[in-house]
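**Q** Structure provided below as structure tokens; questions to follow.
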Amino acid sequence: MEEEYAFKYCPVCGTKSLTDGKIDGLKCTSCNFDFFLNPKPASVGIIFNTRGEILLTQRDIEPFKGYWDFPSGFIKKGETAEEALRRELKEELDVEPLIRESFCSASDDYLYKGLLYTALDFAFICTFKGELRSQAEISDFSFFSKDNLPEKISPHHMQFIEKLLESKRLA
Ligand SMILES: [Zn+2]
14 MEEEYAFKYC PVCGTKSLTD GKIDGLKCTS CNFDFFLNPK PASVGIIFNT
64 RGEILLTQRD IEPFKGYWDF PSGFIKKGET AEEALRRELK EELDVEPLIR
114 ESFCSASDDY LYKGLLYTAL DFAFICTFKG ELRSQAEISD FSFFSKDNLP
164 EKISPHHMQF IEKLLESKRL A
């Protein structure tokens, strides 16, 4: 279910008056409220070790529990993409990332509790200070070369792996 269709009642006036708006979202025909439904921004950390392998973490939460993906997380209100990435890497792996460059951004579908969100991921190439330790939301982590990638990679991060392979960053 796309998020537009999950909302029936206007969050301002409470009437069942939401319709497809001309904006990116819904409009209330009763009180004229514009309900913006833009993508949810997230930060993604692409971390290489000295052998040129990438760090992937095994998800310990839904969606895609047990699958591997890059350390990442949704950006909170008031945070920059870089601040969110630093916070997430501290929370998940107890390290301080050194953000080297902005790699790319990508849109992906993110199904959570029966609602299909559109996420907008900002991926950064990083190194890090400290020793990696599994913390919140992940059950394991490991570095992978192009030839030994895990079988189960979260589909929402597969596009970053493909871009790394295409650009020969992951060789
Ligand atoms: Zn309304």
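Quick note on numbering: the sequence shown equals residues 14 to 184 in the working numbering.
In this text, a Cβ means the ideal position worked out from N, Cα and C, and glycines have one as well.
Predicted model, so just to flag it, every value in this text is computed and none were measured.
#1: Quick one: Cα of proline 110 to Cα of leucine 162, how far?
#2: Answer with buried or exposed for alanine 19, where buried requires no fewer than 16 other C-beta atoms within 10 angstroms of its C-beta.
#3: So, do the segment 77 to 88 and the segment 48 to 63 have three or more beta carbon pairs nearer to each other than 8 Å?
#4: Comparing alpha-carbon positions, which option in Phe46, Glu114, Phe116, Arg99 lies nearest valine 108?
#5: Consult DSSP for leucine 177 and reduce its assignment to one of helix, strand or coil.
#6: Where does glutamine 71 sit, in a helix, a strand or coil, going by DSSP?
#7: When you compare the CB positions of phenylalanine 49 and cysteine 23, do they come within less than 8 Å of one another, or not?
#8: Kindly examine ligand 1 and report whether one of its heavy atoms sits closer than 7 Å to the Cβ of cysteine 41.
#9: For threonine 140, which residues in the same chain have their Cβ closer than 8 Å to its Cβ, ignoring the five residues on either side in sequence?
#10: Rounded to whole angstroms, how far is the Cβ of leucine 69 from the Cβ of phenylalanine 154, which I believe are closer than 8 Å?
#11: So glutamate 109 is in the beta strand (DSSP E); what residue range does that whole segment cover?
#12: Determine the direct distance from the alpha carbon of phenylalanine 77 to that of serine 167, and round the result to whole angstroms.
#13: Is glutamate 95 helix, strand or coil when you go by DSSP?
#14: Less than 7 Å between the CB of threonine 140 and some heavy atom of ligand 1, yes or no?
#15: Comparing alpha-carbon positions, which option in Leu124, Glu16, Arg64 lies nearest glycine 38?
#16: Return yes when the Cβ of phenylalanine 137 is within less than 8 Å of the Cβ of phenylalanine 116, no when it is not.
**A** The relevant details are as follows:
#1: 23 Å
#2: exposed
#3: yes
#4: Arg99
#5: helix
#6: strand
#7: no
#8: yes
#9: Ile60, Phe61, Pro110, Leu111, Arg113
#10: 7 Å
#11: 109 to 125
#12: 6 Å
#13: helix
#14: no
#15: Glu16
#16: yes
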